[in-house]
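Residue numbering for the sequence shown follows the numbering used here, beginning at 1 and increasing consecutively.
Note that the Cβ used here is the ideal one computed from N, Cα and C, for glycine as well.
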Amino acid sequence: MSIRDAFSLEGETAIVTGAAQGLGKQMASGLAEMGADVVIADINYANAETTATELDGETDVVPFEVDVTDESSVEGMVEEVTDQLGPIDVLVNNAGIVEQSPAEETELDSWKRVLEVNLDGVFLCAKHVGIQMLERGEGKIVNIASMSGFDVNVPQKQASYNASKAGVSMLTKSLAVEWADHGVRVNAIAPGYMRTDLVDEVLEENPEMEETWLENTPMGRLGRPEELRELVVYLGSDASSYMTGSTVVMDGGYTAR
Ligand SMILES: NC(=O)c1ccc[n+]([C@@H]2O[C@H](COP(=O)([O-])OP(=O)(O)OC[C@H]3O[C@@H](n4cnc5c(N)ncnc54)[C@H](O)[C@@H]3O)[C@@H](O)[C@H]2O)c1
């Protein structure tokens with residue numbers, strides 16, 4: 001197979017959760033550019049619709065309303081997407097939230113909310129898309145973890161987020177090992193600070209944080225969301241055929257220090 005063919009997603013169907021904006025939107029655009037039909041699966045249907053219209057081009061890009069924390073909603077997504085676009089070849093588990101507060105002041109509800117979206121959501125989507133992939137004996141899953149799953153970033157206090165993302169990397173390894181001999185590969189991406197709405201919201205409340213972040217990032221800048229496109233295509237295509245269970249860090253050198 002040529003390298004060009006290995007990276008191609010021609011004729012494949014991909015779901016990207018939380019793709020209405022931010023990193024998910026950029027990754028969806030990368031998968032579409034390489035030939036996949038892409039489902040913009042998000043709890044915010046209005047945004048998903050706008051994004052799908054924007055990205056719709058050579059391939060089908062369709063919006064879908066899903067709550068990744070709700071098992072029946074996830075099951076419905078798998079069923080409807082399969083009816084509409086055929087079986088799912090690529091799943092990108094990207095939907096995620098962050099809540100920041102010192103651990104001793106964090107309400108249990110807040111802790112649970114973060115874990116529910118960031119970890120239960122990845123599990124539920126991987127499980128139900130995984131059932132179909134295992135039946136077909138093929139499929140690629142890419143989970144969006146974070147450098148916060150390896151390093152305790154400062155100055156923000158976000159124990160629930162950090163723990164959830166460490167969980168995503170370990171869940172990635174666990175699924176990868178369980179499904180390795182069934183043709184289903186599971187990898188993760190751990191981005192560093194990328195300039196998205198989620199990050200902008202945090203910086204709006206705490207503008208002084210950016211200075212600390214930049215000081216701690218050897219490359220001296222935040223990442224651009226579109227810089228994730230090539231990596232998700234690599235992990236979602238045959239180009240990464242001997243990779244499973246890896247979390248690939250892309251953080252401008254932050255965790256290398
Ligand atoms: N931005 C960064 O610097 C950064 C760094 C490391 C990891 N990440 C991770 O990347 C992912 C995307 O981050 P982002 O910055 O693009 O965030 P974002 O807030 O811009 O986008 C997240 C999307 O997820 C959707 N979503 C939230 N809850 C959902 C649910 N229950 N079901 C379905 N969709 C839901 C939101 O509607 C939104 O469209 C997250 O998992 C985040 O933790 C981001």
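- By the C-beta density criterion, MET194 is buried, having at least 16 other C-beta atoms within 10 angstroms.
- Taking a cut-off of 8 Å on C-beta distances, the stretch 38-45 touches the stretch 62-69, as three or more cross pairs fall below it.
- VAL248 sits close to LEU231, with the two beta carbons spaced by under 8 Å.
- Under the criterion of beta carbons closer than 8 Å, VAL129 and VAL78 qualify as touching, at roughly 6 Å.
- For GLY245, the three-state secondary structure derived from DSSP is coil.
- Pairing LEU23 with ILE144 gives a Cβ-Cβ distance under 8 Å.
- Each residue's CA atom was taken as its position, placing LEU124 and ASN206 some 33 Å apart.
- A straight-line Cα-Cα distance of about 21 Å links LEU108 and ALA95.
- Per DSSP, VAL152 lies in no alpha helix (DSSP H) and is assigned neither H nor E.
- The stretch 211-229 makes no contact with the stretch 158-168: fewer than 3 CB pairs, one atom from each, lie closer than 8 Å.
- GLU211 is classed as exposed because its beta carbon has fewer than 16 other beta carbons within 10 Å across all chains shown.
- Put simply, the stretch 174-182 does not touch the stretch 101-120. Fewer than three CB pairs are less than 8 Å apart.
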